[in-house]
Amino acid sequence: MDFWGHLDELRASIVKIIVAVLVAGIAAFCCKDLLFSVVMAPSRDSFITYRLFSRLTGHASRFSVDLFNPELAQQFIVHMRVALWMGLLVVSPYVIYLLYRFVAPGLYAHERRYAVRAVGSGYVMFILGVALNYFLIFPLTFRFLGTYQVSPDVPNQIALTSYIDILLMLSFLLGVVFEIPVLAWLLAKMSVLTPRFLTRYRRHAVVVALILAAVITPTGDALTLSLVALPVYALYEVSILVVRRTMAAHK
566 MDFWGHLDEL RASIVKIIVA VLVAGIAAFC CKDLLFSVVM APSRDSFITY
616 RLFSRLTGHA SRFSVDLFNP ELAQQFIVHM RVALWMGLLV VSPYVIYLLY
666 RFVAPGLYAH ERRYAVRAVG SGYVMFILGV ALNYFLIFPL TFRFLGTYQV
716 SPDVPNQIAL TSYIDILLML SFLLGVVFEI PVLAWLLAKM SVLTPRFLTR
766 YRRHAVVVAL ILAAVITPTG DALTLSLVAL PVYALYEVSI LVVRRTMAAH
816 K
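Each residue of the sequence shown is one higher than the last, beginning at 566 in this note's numbering.
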């Protein structure tokens, strides 16, 4: 296939991706009650994370945080944004398949195998990062900051846009951070990264994890910083095991 043939193929793939995301986004937009029952669940004390912590500690977890909307069209805009992101998340396997199908003809057989493993593992790790944020990091952050008061005379009222922005931002960033073991595997395959190198800089990794957590957490509080830094460092330890196993398989 010549250059223009590849360009037509790329254009067709992009059009299919856009159509798929729009269709899934419209479907999510139409299911408003279901969509926002999921999105707003961490704002209620009946959320599964709070109930599990209540069972573990033996104390009932009751709290109430008021969300408000300060702008006339903001709820409609938030509805469209959330629906579009949910649509993209739902059709992401199809998007990845289209991109792989476009790239695959230019790869050798062993490169295709590595590409499938890297893309598949990367997708799973991204979803795990999003799930960790949704079920643990964001709920605990929201509960702590949403109920924290310097005085009973100053009640908390959280803007809807603030709630949605932090939820989406943390979900995306945690998904990206969870790609660390996949990146380590690829570098080990290219003989760029070794277990000895990672082990030597283990102490430095703690500092880097704290700095990275401080950068990606929009709230800046100590609780969220700790909740993000711990998984980041845990991923570093997982990367050491992945690299060690990869290098052992080459011998």
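We put the beta carbon where it would ideally sit given N, CA and C, even for glycine.
Exposure of residue i, with buried meaning 16 or more beta-carbon neighbours within 10 Å
{"i": "VAL742", "result": "buried"}
{"i": "PRO796", "result": "buried"}
{"i": "GLY570", "result": "exposed"}
{"i": "VAL712", "result": "The sequence given here places Thr at residue 712; Val does not occur at that position. THR712 should be labelled exposed."}
{"i": "ILE729", "result": "buried"}
{"i": "GLY671", "result": "exposed"}
Spatially closest choice to residue i from the options, by CA coordinates
{"i": "LEU725", "options": "TYR679, SER608 and LEU672", "result": "SER608"}
{"i": "ARG761", "options": "ARG666, VAL689, LEU664 and ILE805", "result": "ILE805"}
{"i": "SER611", "options": "PRO704, VAL772 and LEU572", "result": "PRO704"}
{"i": "ALA669", "options": "ALA680, VAL660 and TYR659", "result": "ALA680"}
{"i": "VAL643", "options": "PHE628, ALA674 and VAL604", "result": "VAL604"}
{"i": "MET651", "options": "HIS675, LEU790, LYS597 and PHE667", "result": "LYS597"}
{"i": "LEU775", "options": "ALA589, LEU788, ILE582 and ARG666", "result": "LEU788"}
{"i": "VAL771", "options": "TYR801, ILE781 and PRO746", "result": "TYR801"}
{"i": "THR555", "options": "THR759, LEU599 and ASP631", "result": "Residue 555 falls outside the range modelled here, since the chain spans only 566 to 816, and no answer is possible."}
Extent of the continuous beta strand (DSSP E) run through residue i
{"i": "LEU617", "result": "Per DSSP, LEU617 belongs to no beta strand (DSSP E); it is in the alpha helix (DSSP H), 613-622."}
{"i": "ILE723", "result": "722-724"}
{"i": "PHE633", "result": "631-633"}
Residue interval of the alpha helix (DSSP H) (run including residue i)
{"i": "ASP598", "result": "597-604"}
{"i": "PHE709", "result": "703-712"}
{"i": "PHE667", "result": "639-668"}
{"i": "PHE691", "result": "674-697"}
{"i": "LEU559", "result": "Summary: the structure shown does not reach residue 559, with the chain confined to residues 566 through 816, and so no result is reported for it."}
{"i": "LEU758", "result": "LEU758 -> no alpha helix (DSSP H), and no H or E assigned at all."}
Nearest-angstrom Cβ-Cβ length linking residue i and residue j, presumed shorter than 8 Å
{"i": "ALA589", "j": "VAL660", "result": "In fact, because the Cβ distance is near 10 Å, the residues do not count as touching under 8 Å."}
Any 3 or more C-beta pairs closer than 8 Å across the stretch 728-746 and the stretch 692-705: yes
Cβ contact check for the stretch 641-655 and the stretch 592-600: 3 or more pairs under 8 Å: yes
Inter-stretch contact (C-beta, 8 Å, three-pair minimum) for the stretch 749-765 and the stretch 675-689: yes
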